[in-house]
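Chemist:
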Amino acid sequence: MAKPRISADRLWSRLMALGEDGALPQGGVNRQALSAEEILAWRRIIAWGGEIGLRPSTDAAGNLFLTLPGSMPDLPPVIAGSHIDSQPTGGLFDGAFGTLAALEAVTAIVEAGIAPSRSIIVVAWMNEEGSRFAPGMMGSELFAGKRTLEQVMSVRDAEGVSVREAMAAVHAAFSDLPRLPLGFPVAAYIELHIEQADVLERSGAVIGIVTGIQGKKTWEITLKGRKAHAGTEPMDRREDALQAFARIAIALQAQVGLADDAVKFTIGRIEVEPNAPSVVPARVRFRIDLRHPENAVLDRLAHRLEEIVAEKAAPCGFDIRRLVDAPSNTFDEGLRAQIRASAGRHGFPAMDVLSAAGHDARQMAGLAPSTMIFIPCRGGISHHPDEWAEPEHIAAGASVLLDLLTNAASIPHQNGD
Ligand SMILES: [Zn+2]
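Read left to right, the sequence shown gives residues 55 to 471 (this note's numbering).
Set out below in structure tokens:
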């Protein structure tokens, strides 16, 4: 039996070929969730998997699976992959790299004549990005039971198309695929991804051992004032929603946004009504995105944030709607140790990094021992046609993933099977 080896050229050429599905004239891709472009990408990936006998399947959440059956198929499988949907101005590597590298690793295992004990499943999760249907992570959250099909199916895109309709189109295009159940037992989950930040690049590291994903909470807050004439309404009688917003924004930035070095605080969207030059603003609706690696701190800041809104809104009224509430997680220590060991064997400089962005692995970490491997991306640029990863870093990440997959799939019993 030969030692499995990834083909850096095949992986690179497949990454470039997948970039043709939804290619933008200026470079990059627009391949949003459950779109015609994503259907093309599914066809390509299923065909590549077919070359080595991988069995394609889907599920009620619109996830795509390619399975290499193990010699002990009753054991929970190992899953590796990411997503293939993109932002409207996405790059070639975000998500696609993790899915195609998992396919490459499985291809290397098959070519080496290795028969793993556990089945290995390559996954492309549905709607990670959340740009067409918000919020994202739909496929992995449905798989992990964090959201229900009823909650997700009625979400509509800007054209009024629902997830139910778009997913029916995908399932109709692949009507011969068997359906796996949501949330089937999983032995381990491994996701390879570009870093989407420049910590690795600045440090000269090639492999990021992802310690965890920072927690994130988001809110939609509405301040309710009263419309009035800008020339006649006395200042002491105004209920100016924009002035209330200004008081709140300044206090939040000072007391929440600058609370410590690790906090990330953003007011990313604000809508003013009636947004007319000579009318006292009657209503301001805005979104807050708050992230922190430590759950206790995130919870404390969230509490303070809601207090500040309540303290500073008067004389306006207010509504606070919590949207996302995703705690931080820590990835499996055993798998992280394997990443370190593999990188060491290959001579790839490696370091621990925290993921500032959310990923499907957050959901899987609640179901099975999970981990993520990062590689650098140029300048930390992502969600942009200029997104770029060096071919040698692509190959390095895939080689480490191959080592972890080989280990995980060859261990017949772990974690209480
Ligand atoms: Zn991604």
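Built from N, CA and C at the ideal position, the CB exists for glycine as well.
For the stretch 63–77 and the stretch 106–120, state whether three or more C-beta atom pairs, one from each stretch, are separated by less than 8 Å.
Modeler: no
Chemist: According to DSSP, is Phe197 part of a helix, a strand, or is it coil?
Modeler: Numbered from its first residue, the sequence shown carries residue 197 at position 143. In the structure shown, Phe197 sits in a helix (DSSP, three-state: H, G or I).
Chemist: Thinking C-beta only, is Arg345 closer than 8 Å to Gly322?
Modeler: What you label residue 322 is simply residue 268 of the sequence shown in a count that begins at 1. What you label residue 345 is simply residue 291 of the sequence shown in a count that begins at 1. Contact flag unset, no.
Chemist: Could you tell me whether the stretch 166–179 touches the stretch 123–137, using the rule of 3 or more Cβ pairs below 8 Å?
Modeler: Touching, per the Cβ criterion.
Chemist: Is the beta carbon of Ile362 sitting closer than 8 Å to the one on Gln309?
Modeler: As a working note, residue 362 is residue 308 in the sequence shown. As a working note, residue 309 is residue 255 in the sequence shown. For Ile362 and Gln309, yes; Cβs fall inside 8 Å.
Chemist: Can you list, in chain order, the residues of its chain whose CB lies under 7 Å from that of Ile374, leaving out five sequence neighbours each side?
Modeler: For the purposes of this step, residue 374 is identified with residue 320 of the sequence shown, where counting begins at 1. Cβ within range, chain order: Trp273, Ile275, Glu360, Val363.
Chemist: Give a yes or no on contact between the stretch 394–410 and the stretch 175–189, applying the rule of three or more CB pairs nearer than 8 Å.
Modeler: No: the two stretches stay apart, fewer than three of their Cβ pairs being nearer than 8 Å.
Chemist: Taking the runs of the beta strand (DSSP E) that are 3 residues or longer, which of them lie wholly in the stretch 256–290?
Modeler: 261–267, 269–278
Chemist: Quick one, which of Leu88, Thr112, Phe151, Phe372 has its alpha-carbon nearest Ala449's?
Modeler: Along the sequence shown, read from residue 1 onward, the residue named residue 449 stands at position 395. For the residues Leu88, Thr112, Phe151, Phe372, the minimum Cα distance to Ala449 belongs to Phe151.
Chemist: Between which two residues does the beta strand (DSSP E) holding His357 run?
Modeler: Stepping through the sequence shown from its first residue, residue 357 is reached at position 303. Where His357 is concerned, there is no enclosing beta strand (DSSP E), although the alpha helix (DSSP H) it sits in stretches over 349–366.
Chemist: Which of the three DSSP states, helix, strand or coil, is assigned to Arg376?
Modeler: Translated into the one-based positions of the sequence shown, residue 376 becomes position 322. Here Arg376 sits in strand by DSSP.
Chemist: Taking the C-alpha atoms as reference points, what is the distance between Phe228 and Leu408?
Modeler: Numbered from its first residue, the sequence shown carries residue 228 at position 174. Numbered from its first residue, the sequence shown carries residue 408 at position 354. Rounded to the nearest angstrom, the two C-alpha atoms are 37 Å apart.
Chemist: When burial is assigned at 16 or more other CB atoms within 10 Å of the CB, is Glu365 buried or exposed?
Modeler: The count along the sequence shown starts at 1 and reaches residue 365 at position 311. That one is exposed.
Chemist: Taking 7 Å as the cut-off, does the CB of Asp148 come closer than this to any heavy atom belonging to ligand 1?
Modeler: As a first step, residue 148 must be located in the sequence shown, where it is residue number 94. Checking every heavy atom of ligand 1 against the Cβ of Asp148, one is found closer than 7 Å.
Chemist: In chain order, what are the residue ranges of uninterrupted alpha helix (DSSP H) at least 4 long that sit wholly in the stretch 155–230?
Modeler: 192–197, 203–207, 217–227
Chemist: Reducing DSSP to helix, strand and coil, say where Gly470 ends up.
Modeler: As a working mapping, residue 470 is identified with position 416 in the sequence shown. Because the pLDDT at Gly470 is just 43, under 50, the model does not fix this residue reliably, and the point stays unresolved.
Chemist: Quick check: does the Cβ of Glu182 come within less than 7 Å of any heavy atom belonging to ligand 1?
Modeler: As a first step, residue 182 must be located in the sequence shown, where it is residue number 128. It does: the Cβ of Glu182 is within 7 Å (strictly closer) of some heavy atom of ligand 1.
Chemist: What do you reckon, is the C-beta of His413 under 7 Å from a heavy atom of ligand 1?
Modeler: To locate residue 413, count along the sequence shown from 1; it is residue 359. Distances taken from the Cβ of His413 to the heavy atoms of ligand 1 include one shorter than 7 Å.
Chemist: Return the residue from the list Ala159, Ser464, Ile393, Thr320 that minimises the CA-CA distance to Ile302.
Modeler: In the sequence shown, counting from the first residue as 1, residue 302 sits at position 248. Selected option, being the one with the closest Cα: Thr320.
Chemist: Got a sec? Which residues, its chain only, sit under 6 Å from Gly376 by beta carbon, not counting five neighbours each side?
Modeler: Along the sequence shown, read from residue 1 onward, the residue named residue 376 stands at position 322. Here the sequence assigns Arg to residue 376, which means Gly is not the residue at that position. Taken in chain order, the residues that qualify are Trp273.
Chemist: Could you compute how far the alpha carbon of Ile93 sits from the alpha carbon of Val224?
Modeler: Sequence index remark: in the sequence shown, residue 93 carries index 39 (1-based). Sequence index remark: in the sequence shown, residue 224 carries index 170 (1-based). When rounded, the distance between both Cα atoms is 6 Å.
Chemist: State buried or exposed for Asn383, treating a residue as buried only when at least 16 other CB atoms are found within 10 Å of its CB.
Modeler: Taking the sequence shown and counting its residues from 1, the one referred to as residue 383 is at position 329. Buried, by the Cβ-count rule.
Chemist: Among the candidates Ile106, Ala282, Pro369, whose CA atom is the shortest distance from the CA of Ala331?
Modeler: To locate residue 331, count along the sequence shown from 1; it is residue 277. Here the sequence assigns Pro to residue 331, which means Ala is not the residue at that position. Of Ile106, Ala282, Pro369, the residue nearest in Cα terms is Ala282.
Chemist: Can you list, in chain order, the residues of its chain whose CB lies under 7 Å from that of Leu296, leaving out five sequence neighbours each side?
Modeler: Position 242 of the sequence shown, counted from the first residue, corresponds to residue 296. The answer, listed in chain order, is Val326, Pro335, Val338.
Chemist: Looking at C-beta atoms only, is the number of pairs between the stretch 127–136 and the stretch 190–199 that lie closer than 8 Å three or more?
Modeler: no
Chemist: Can you give me the C-alpha to C-alpha distance between Gly472 and Gly266, rounded to a whole angstrom?
Modeler: The shown model of the chain, from 55 to 471, leaves out residue 472, and the question about it has no answer.
Chemist: For a test of your reading of the model: does the CB of Ser424 fall under 7 Å from any non-hydrogen atom of ligand 1? Yes or no.
Modeler: Counted from its first residue, the sequence shown places residue 424 at position 370. Checking the Cβ of Ser424 against ligand 1 gives no.
Chemist: Our contact map puts Ser424 next to Asp386 with C-beta atoms below 8 Å; I'd like the distance itself, whole angstroms only.
Modeler: Residue 424 sits at position 370 when you count from the first residue of the sequence shown. Residue 386 sits at position 332 when you count from the first residue of the sequence shown. Yes, Ser424 and Asp386 are in contact; Cβ-Cβ is about 6 Å, under 8 Å.
Chemist: Look up Ser136 in the DSSP assignment and say whether it is helix, strand or coil.
Modeler: Your numbering for residue 136 matches position 82 in the sequence shown. Note: Ser136 maps to strand in three-state DSSP.
Chemist: From Cys370 to Arg292, what distance separates their C-alpha atoms?
Modeler: Taking the sequence shown and counting its residues from 1, the one referred to as residue 370 is at position 316. Taking the sequence shown and counting its residues from 1, the one referred to as residue 292 is at position 238. Rounded to whole angstroms, Cys370 to Arg292 spans 9 Å at the Cα level.
Chemist: In the DSSP output, which residue or residues are listed as bridge partners for Asp252?
Modeler: Sequence index remark: in the sequence shown, residue 252 carries index 198 (1-based). DSSP output for Asp252 lists no bridge partner at all.
Chemist: Could you give the distance in angstroms between the alpha-carbon of Gly388 and the alpha-carbon of Val164?
Modeler: Position 334 of the sequence shown holds residue 388. Position 110 of the sequence shown holds residue 164. Gly388 and Val164 have their alpha carbons spaced roughly 25 Å apart.
Chemist: Among Ala251, Ala77, Leu72, Ser257, which one has its Cα closest to the Cα of Arg97?
Modeler: Within the sequence shown, numbered from 1, the residue matching residue 97 stands at position 43. Among Ala251, Ala77, Leu72, Ser257, the Cα nearest to that of Arg97 is on Leu72.
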